[in-house]
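Remarks on the structure that follows.
Residue numbers (this note's numbering), protein chains in the order written: chain A, 219 to 441; chain B, 24 to 339.
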C-alpha cells in the first residue's frame, strides 16, 4: 500500500519502544525516572506521527507531532517540576499495591489482552500502519490505567493518566489522520490544565500531610 | 572439506586466544571511565600465566568433581565455539553437531559442573554463590526459552547460520520490533549470566556479596587459571552468539578464501569492542541490585521477550 516497508518497519520499532516505555512507567521505582520515561514516550509518539505523516502525505500529522512535542515533552514536565515540590522527586521507593515482578507479569497479560481486543478491529482496515499502532496504542492505554491502579503516589498516577492519553493518540494517528489534529489541539489545552490542577492539589496535600502517598488517605481524619 | 576443518580450528583458536584480551579491555575501559589508569589490557594473560606455574592445592575433603570441574568448564565454551558462527557466515565442518539449543545445553553443562564443584569443598562461600547462581539461572531460563523460541519461529530454524541471515535480508527486517526487543532481552540475559553489574559485580572482592565469582574461590594454581580462562571464554562465546547470530552477521567472512577468514578476525574483534563499549557504559551508569531485586531485572527481561513474541505473532 502507501508507504515503503522501511517506514513501516521504523513505525513498528517506534511502537515497540513506545510499549517498553509504558512498561517502564508501570515498573520504575523513582518518580523522576517515570517522568523521564513519559517524556521519552511522548517523543516516540511524535516520531510515529511524523512517520505516518510522511507515509500518508498528511500535513495534519506533522501538526500533531509538533503539538505533542510542545505540550508533552516541554510544557507538562515543566509544570510538574514546578508545581510539585522537589521533595517528591527525591523519593526513591514509590509506594505501590503490588510488587514489581507481579505487576510486570500482569502487564504482559494486559498486552496480550490488547491484541485480543484489537484483532477483530484489525480485520476491517487495510492500512498497514493500523496493524502496528492500534494494538500497541490500546496496550499503552491498558498499561496507563494499570499504572493508576497500582501506584499510590499522586504524581505517578498522573503520569499513568497521561500515558493513557498517549496510548489513545498512538492508536488515533493511524486510524484517522485528519480528525486527530482537532482532538490533539483540544487535549493540548485540556491536559496541561489537568496537570496543573493535580500538581497544585499534590502540593497542598504535601504541605498539609507531609506526604503524597494518596493510598494512605483512605480514612477521614478528625481535626 | 579440509579448509572447513582448518577454519573451524582457527575459529576455536580465536576464541581461546582472544577471550582474556576482551576481559582485559573491559576492565581497563571501566577503570578509565572512573578516572583511573587501570591495569594493562594484557593483565588477564599474565594472571593466567602466573597461575599456571603455581602449585595447586586441593582440599582432602573434595571429590573427583572438584578436580574435573575446571576441565569441563574450560571444554564447554571451546566446544560451543565449534558450533556457532564466530568468523564465517557458512557452517564449518563441526557445525552439524548441534544447533543453538545444543550450544546452550553445553554452556549450561559447564555452569552446572562449576556449581557442583563449589558445593563440593564445603567452603561456606562456594555453596552460597552456587545457590545464588542457580537462582539467577532459573529466573533467566524462561527468558532464554522465549528468546530462542521467537528467534527460531521467525527464522523457521534453530540453526544459527540460517537465523543470522534472516535479520538482514531484506535490511528492513533489522528494524523489526521483535528483533530489537529480543536484542534488549538477550542483552539483559548476558548481563545476568555473566555476573555483570546490575546483577553481580565482576570486580568485587567481598565474598558475602558475590554470585558468580565465589564459586571458584577454592581453586588455586592450574585449576584457578582454567576457571578464569573458562569464564573469559564463556563471556566471549555469549558475545559472539549475541553479535553474530542475533544482531547481524556483518563483518563475517562470506567466501571460502583464506584471506577473507583472516580478515574476519579483526572485524569481529572490532564488533566485540563496540559491544564492550556499550557494556562498560551500562556497568558504569548502574548500581548493583540487591539480591531480591534480581527478580525484577529478569522479570523485566521476560516481559520484554514476551512482548517480542506477541508483536511477532500479530504481524504475520
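Note that the Cβ used here is the ideal one computed from N, Cα and C, for glycine as well. Bear in mind the structure is a predicted one, so any value in this text is a computation, not a measurement.
C-beta atoms of residue i and residue j nearer than 9 Å
{"i": "residue 77 (chain B)", "j": "residue 243 (chain B)", "result": "yes"}
{"i": "residue 162 (chain B)", "j": "residue 56 (chain B)", "result": "no"}
{"i": "residue 336 (chain A)", "j": "residue 198 (chain B)", "result": "no"}
{"i": "residue 114 (chain B)", "j": "residue 191 (chain B)", "result": "no"}
{"i": "residue 285 (chain A)", "j": "residue 399 (chain A)", "result": "yes"}
{"i": "residue 412 (chain A)", "j": "residue 379 (chain A)", "result": "yes"}
{"i": "residue 273 (chain A)", "j": "residue 387 (chain A)", "result": "no"}
{"i": "residue 133 (chain B)", "j": "residue 95 (chain B)", "result": "yes"}
{"i": "residue 21 (chain B)", "j": "residue 331 (chain B)", "result": "Residue 21 (chain B) lies beyond the stretch modelled for chain B, which goes from 24 to 339, so this question has no answer here."}
{"i": "residue 166 (chain B)", "j": "residue 315 (chain B)", "result": "no"}
{"i": "residue 258 (chain B)", "j": "residue 46 (chain B)", "result": "yes"}
{"i": "residue 253 (chain B)", "j": "residue 65 (chain B)", "result": "no"}
{"i": "residue 214 (chain B)", "j": "residue 305 (chain B)", "result": "yes"}
{"i": "residue 152 (chain B)", "j": "residue 235 (chain B)", "result": "yes"}
{"i": "residue 334 (chain B)", "j": "residue 201 (chain B)", "result": "yes"}
{"i": "residue 136 (chain B)", "j": "residue 80 (chain B)", "result": "no"}
{"i": "residue 245 (chain A)", "j": "residue 322 (chain A)", "result": "yes"}
{"i": "residue 230 (chain A)", "j": "residue 345 (chain A)", "result": "no"}
Three-state class that DSSP yields for residue i in the structure shown
{"i": "residue 111 (chain B)", "result": "strand"}
{"i": "residue 197 (chain A)", "result": "In the structure as shown, chain A begins at 219 and stops at 441. Residue 197 (chain A) is therefore absent and cannot be evaluated."}
{"i": "residue 314 (chain A)", "result": "strand"}
{"i": "residue 344 (chain A)", "result": "coil"}
{"i": "residue 17 (chain B)", "result": "One cannot answer for residue 17 (chain B) here, as it falls past the ends of chain B, which runs 24 to 339."}
{"i": "residue 288 (chain A)", "result": "helix"}
{"i": "residue 26 (chain B)", "result": "helix"}
{"i": "residue 369 (chain A)", "result": "strand"}
{"i": "residue 276 (chain B)", "result": "strand"}
{"i": "residue 431 (chain A)", "result": "strand"}
{"i": "residue 305 (chain A)", "result": "helix"}
Neighbour flag for residue i against chain B, beta carbons, 9 Å
{"i": "residue 356 (chain A)", "result": "no"}
{"i": "residue 349 (chain A)", "result": "yes"}
{"i": "residue 384 (chain A)", "result": "no"}
{"i": "residue 226 (chain A)", "result": "yes"}
{"i": "residue 220 (chain A)", "result": "Residue confidence for residue 220 (chain A) is low, a pLDDT of 46 falling below 50, so the modelled location carries little weight; the figure read from the coordinates is stated next. Answer no: the Cβ-Cβ gap between residue 220 (chain A) and chain B never drops below 9 Å."}
{"i": "residue 428 (chain A)", "result": "no"}
{"i": "residue 326 (chain A)", "result": "yes"}
{"i": "residue 245 (chain A)", "result": "yes"}
{"i": "residue 396 (chain A)", "result": "no"}
{"i": "residue 330 (chain A)", "result": "yes"}
Nonlocal neighbours in the same chain, by C-beta distance under 8 Å from residue i, ignoring five residues either side
{"i": "residue 286 (chain B)", "result": "276"}
{"i": "residue 171 (chain B)", "result": "123, 124, 127, 181"}
{"i": "residue 318 (chain B)", "result": "162"}
{"i": "residue 298 (chain A)", "result": "253, 373, 376, 413, 417"}
{"i": "residue 38 (chain B)", "result": "100, 101, 104, 109, 256, 259, 260, 263"}
{"i": "residue 288 (chain A)", "result": "406"}
{"i": "residue 291 (chain A)", "result": "257, 260, 261, 264"}
Beta-carbon proximity list for residue i, same chain, < 7 Å, skipping 5 on both sides
{"i": "residue 329 (chain B)", "result": "169"}
{"i": "residue 307 (chain A)", "result": "249, 250"}
{"i": "residue 334 (chain A)", "result": "none"}
Residue i versus residue j - alpha carbon distance
{"i": "residue 99 (chain B)", "j": "residue 106 (chain B)", "result": "11 Å"}
{"i": "residue 336 (chain B)", "j": "residue 394 (chain A)", "result": "25 Å"}
{"i": "residue 254 (chain A)", "j": "residue 391 (chain A)", "result": "23 Å"}
{"i": "residue 396 (chain A)", "j": "residue 278 (chain A)", "result": "6 Å"}
{"i": "residue 369 (chain A)", "j": "residue 119 (chain B)", "result": "52 Å"}
{"i": "residue 159 (chain B)", "j": "residue 236 (chain A)", "result": "28 Å"}
{"i": "residue 426 (chain A)", "j": "residue 313 (chain A)", "result": "19 Å"}
{"i": "residue 339 (chain B)", "j": "residue 164 (chain B)", "result": "Because the pLDDT at residue 339 (chain B) is just 49, under 50, the model does not fix this residue reliably, and the point stays unresolved."}
{"i": "residue 356 (chain A)", "j": "residue 312 (chain B)", "result": "32 Å"}
{"i": "residue 309 (chain B)", "j": "residue 339 (chain A)", "result": "42 Å"}
{"i": "residue 257 (chain A)", "j": "residue 242 (chain A)", "result": "12 Å"}
{"i": "residue 83 (chain B)", "j": "residue 147 (chain B)", "result": "16 Å"}
{"i": "residue 219 (chain B)", "j": "residue 63 (chain B)", "result": "20 Å"}
{"i": "residue 270 (chain A)", "j": "residue 385 (chain A)", "result": "16 Å"}
{"i": "residue 330 (chain A)", "j": "residue 360 (chain A)", "result": "11 Å"}
{"i": "residue 233 (chain A)", "j": "residue 371 (chain A)", "result": "27 Å"}
{"i": "residue 358 (chain A)", "j": "residue 179 (chain B)", "result": "30 Å"}
{"i": "residue 300 (chain A)", "j": "residue 293 (chain A)", "result": "11 Å"}
{"i": "residue 68 (chain B)", "j": "residue 289 (chain B)", "result": "19 Å"}
{"i": "residue 71 (chain B)", "j": "residue 279 (chain B)", "result": "34 Å"}
{"i": "residue 247 (chain B)", "j": "residue 59 (chain B)", "result": "27 Å"}
Cβ-based neighbour list, residue i, same chain, cut-off 6 Å, excluding 5 preceding and 5 following
{"i": "residue 52 (chain B)", "result": "303"}
{"i": "residue 402 (chain A)", "result": "282, 285"}
{"i": "residue 292 (chain B)", "result": "none"}
CB contact check: residue i to chain A, cutoff 9 Å
{"i": "residue 204 (chain B)", "result": "yes"}
{"i": "residue 45 (chain B)", "result": "no"}
{"i": "residue 322 (chain B)", "result": "yes"}
{"i": "residue 200 (chain B)", "result": "yes"}
{"i": "residue 221 (chain B)", "result": "no"}
{"i": "residue 196 (chain B)", "result": "yes"}
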